[in-house]
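Notes follow once the structure below has been shown.
2 protein chains.
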Amino acid sequence: MSLSTEPTGWQQSSETTPELEAYTLLRQVHSILEMYNRYDLRGEDLTVPQFMILNYASRSGVPLSEISARMMCDNSNLTGIVDRLIAKGYVERRPDPNDRRVSLICLTEAGAEKLRNLRPRHHERLRKRMRSLSEHEVQQLRELLRSLYSGLLTPDNNDRDGRPSDM
Amino acid sequence: MSLSTEPTGWQQSSETTPELEAYTLLRQVHSILEMYNRYDLRGEDLTVPQFMILNYASRSGVPLSEISARMMCDNSNLTGIVDRLIAKGYVERRPDPNDRRVSLICLTEAGAEKLRNLRPRHHERLRKRMRSLSEHEVQQLRELLRSLYSGLLTPDNNDRDGRPSDM
DNA sequence: TCAACATTGTTTCAAATGAAATAGTTTCAA
DNA sequence: TTGAAACTATTTCATTTGAAACAATGTTGA
């Protein structure tokens, strides 16, 4: 989609709540930052999820399910993405000698080098993009999100509609 | 993936910034809320993006590109999703008499009924899930995200790496 | 007018995602 | 020890997504 910042024309629905507005903004901010990340990685031979896996992998190897837990996605999603990273030479799979179920995702030297090059630029760009918030506001935002995050993981806060604590 | 809330075992990297922490939390909160939405719609004959389109459509019809603008996605994404909503009988396509390029997405009576049933429950569940934040904190979060959102749409704030203002 | 240009939606392809089923491995309690 | 249950990763399938190319339509300025 376009990154244009023209006025959009549509209006916010009148039927809303502070919670819904906050969530809608959260989705929009997420969407824009994701779009910028995609743009940054253009020409770097990497997609956003590929870059994320690189960030969670290490030279000594990290179990695939640890990566999927940190990325909050299913193991099955990562199989294909890791396959593509292997094809590009940035990671390799090694069996865990202590648990033959586990497949360790290891950065290759090329992958480690890519990361050394990309990560600082990535952080710096994020910092610049959030300049519209003061240092204090960034910390405020972080604390609010931390608190919301914890609350969301506490089953009792989620709802009373009969959701099991683990699906 | 699982909704289990067990301790995860991995530690936050030491090499981080408040901005990166805030962004990571934003992604995590987004991911959890998305997962809960998916769970809510299970058994409702709808996926999350299908439900979003229903929310943006109307009886009188809304141009597809207005919906894609609000969802911050490409038109091409919506073609298939709308096709499935049509197959389920919740929307229909009607040509815009004033502009023959435009295809208006119209809620059917079944779609409008589905929405009347689902929307209030959806909002109420979101409200409950955000109970870990006080009313004031929700408003604070909303204002911070509003401010961040505006800043992200101001090209000057994004970066100095040569990004065009419109790609 | 009409020729460039922009807009709208679709098609196509590759990549990512969610969910269920499966095979191999480990854990644990009877 | 062994059988049931849990865990790990993969496979498979349907859906969603991003990006580019395209056809049809609309807009604009010489």
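Protein sequence lines, in the order shown, are assigned to chains U and S. For the first sequence, our numbering begins at -3 and goes up steadily by one. For the second sequence, our numbering begins at -3 and goes up steadily by one. For every residue, glycine included, the Cβ atom is placed at its ideal position computed from N, Cα and C. Bear in mind that the values here come from a model prediction, so they are computed numbers and not experimental data.
Limits of the alpha helix (DSSP H) - the one that U:E11 falls within: Position 15 of the first sequence, counted from the start, is the residue given in the question as residue 11 of chain U. Segment: none, U:E11 is in no alpha helix (DSSP H) and carries neither H nor E.
Nearer than 7 Å: is that true of the beta carbon of U:P93 relative to any heavy atom of the ligand MN? Absence of the ligand MN is noted for the structure shown, with no ligands found whatsoever.
Is U:P45 helix, strand or coil when you go by DSSP? For this step, residue 45 of chain U is matched to residue 49 along the first sequence. Residue state, collapsed to three classes: helix.
I'd like the ranges of any beta strand (DSSP E) spanning at least 3 consecutive residues and lying wholly in the stretch 64 to 110 of chain U. 87 to 91, 99 to 103
Identify whether S:A18 lies in helix, strand or coil by the three-state DSSP scheme. Here residue 18 of chain S refers to the residue found at position 22 when the second sequence is read from its first residue. Residue state, collapsed to three classes: helix.
Whose C-beta lies closer than 7 Å to the C-beta of S:E2 among residues of the same chain, with five residues either side of it excluded? Position 6 of the second sequence, counted from the first residue, corresponds to residue 2 of chain S. Confidence at S:E2 is low in this model, with a pLDDT of 43, below 50, so its placement is unreliable and no value can be given for it.
Any 3 or more C-beta pairs closer than 8 Å across the stretch 71 to 85 of chain S and the stretch 41 to 52 of chain S: yes
Give me the residue from S:R123, S:Q135, S:S56 with the minimum Cα distance to S:P93. As a position in the second sequence, residue 93 of chain S is number 97, starting the count at 1. Among S:R123, S:Q135, S:S56, the Cα nearest to that of S:P93 belongs to S:S56.
Which word fits U:G107, buried or exposed, when buried means at least 16 other C-beta atoms lie within 10 angstroms of its C-beta? The count along the first sequence starts at 1 and reaches residue 107 of chain U at position 111. So U:G107 counts as buried.
Per-residue contacts from S:I28 into chain U (C-beta, under 8 Å): Residue 28 of chain S sits at position 32 when you count from the first residue of the second sequence. Chain U residues near S:I28: M68, Y145, L148, L149.
Closer than 7 Å at the beta carbon, the chain S residues around U:A169: Since the displayed chain U opens at -3 and closes at 163, residue 169 of chain U lies outside it and no answer follows.
In the DSSP assignment, what residue or residues form a beta bridge with U:S130? Numbered from its first residue, the first sequence carries residue 130 of chain U at position 134. Beta-bridge pairing links U:S130 to no other residue.
I want to see whether chain U comes within less than 8 Å of S:V25, judged by CB atoms only; does it? For the purposes of this step, residue 25 of chain S is identified with residue 29 of the second sequence, where counting begins at 1. It does; some Cβ of chain U falls within 8 Å.
Are the C-beta atoms of U:T13 and some chain S residue less than 8 Å apart? For the purposes of this step, residue 13 of chain U is taken as the residue at position 17 of the first sequence. Chain S contact via Cβ: present.
Rounded to a whole number of angstroms, what is the C-alpha to C-alpha distance between S:P14 and S:A83? Within the second sequence, the letter at position 18 stands for residue 14 of chain S. Within the second sequence, the letter at position 87 stands for residue 83 of chain S. One C-alpha to the other measures close to 46 Å.
How would you call U:D36, buried or exposed, if buried means at least 16 neighbouring beta carbons within 10 angstroms? Taking the first residue of the first sequence as 1, we reach residue 36 of chain U at position 40. Buried: at least 16 other Cβ atoms inside 10 Å.
Looking only at DSSP bridge pairs, what is S:V58 linked to? Within the second sequence, residue 58 of chain S is the residue found at index 62, counting from 1. Answer is S:I101.
Could you check what DSSP says for U:R115 in three-state terms: helix, strand or coil? Here residue 115 of chain U is taken as the residue at index 119 of the first sequence, counted from 1. Three-state DSSP puts U:R115 in a helix.
Output yes or no for whether 8 Å exceeds the beta carbon distance between U:K110 and U:Y145. Here residue 110 of chain U refers to the residue found at position 114 of the first sequence. Here residue 145 of chain U refers to the residue found at position 149 of the first sequence. No, the pair does not count as a contact, with Cβ atoms beyond the cut-off.
Any C-beta of chain U under 8 Å from that of S:L122: Reading the second sequence from its first residue, position 126 is the one you call residue 122 of chain S. Cβ-Cβ to chain U under 8 Å: yes for S:L122.
Looking at the structure shown, is S:E40 part of a helix, part of a strand, or coil, going by DSSP? Here residue 40 of chain S refers to the residue found at position 44 of the second sequence. If DSSP states are grouped into helix, strand and coil, S:E40 belongs with coil.
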